[in-house]
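Working notes, beginning with the structure itself.
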Amino acid sequence: MEEKQRIIQELVPGKQVTLAHIIASPDEILYKKLGLDPNVEYARSAIAILTFTPAETSIIAADIAIKASGAHLGLVDRFSGTVLLTGSSSEVEASLNAVVNYVSETLGFAVCRITKT
């Protein structure tokens, strides 16, 4: 008889930005599926997505992001570590740069590069 293995998975979060991405000119359906209003004028140009570990960093990131530019906060989830921003491509890019620079230089996070589609 074969002995069964027991596997225990643990999440040991580091201090890192795991995703920083800009979606330029997203289709209206993407806004709807994300629970964002596609009819709001400021939301039509771009969506930015950030994810963090630890997840609570999303609160700090949301604050920095909305203060850094005219970008608008679409979502902040302190449990998953996700932040969504909307605005012009330049606004969301400025916000992402501000967040990535702050968490890297001030908080000592490992950061990914900002990507764009």
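So the sequence shown is numbered by the numbering used here: it starts at 1 and just counts up by one.
All C-beta atoms, glycine included, are put in the ideal place defined by N, C-alpha and C.
With H, G and I counted as helix, E and B as strand and the rest as coil, what does DSSP make of residue i?
i	result
residue 17	strand
residue 114	coil
residue 50	strand
residue 83	strand
residue 29	helix
Check each candidate in the options and name the one with the smallest Cα separation from residue i.
i	options	result
residue 47	73, 67, 57	73
residue 117	104, 49, 100, 64	49
residue 25	112, 90, 108, 114	90
residue 100	40, 6, 21, 5	21
residue 35	110, 109, 86	86
residue 106	64, 23, 38, 2	64
Let's test the definition: count the other Cβ atoms within 10 Å of the Cβ of residue i and tell me whether it reaches 16, buried, or not, exposed.
i	result
residue 30	exposed
residue 84	buried
residue 40	exposed
residue 69	buried
Just reading off the alpha helix (DSSP H) that residue i is part of, what are its end residues?
i	result
residue 63	57-68
residue 105	89-105
Tell me where the beta strand (DSSP E) around residue i begins and ends.
i	result
residue 76	72-77
Please look up how many angstroms separate the CB atoms of residue i and residue j, rounded, as I've assumed it's under 8 angstroms.
i	j	result
residue 77	residue 95	That belief does not hold up - the Cβ atoms of residue 77 and residue 95 are roughly 17 angstroms apart, past 8 angstroms.
residue 55	residue 14	Their Cβ separation, rounded to whole angstroms, is 12 angstroms, which puts residue 55 and residue 14 out of contact at 8 angstroms.
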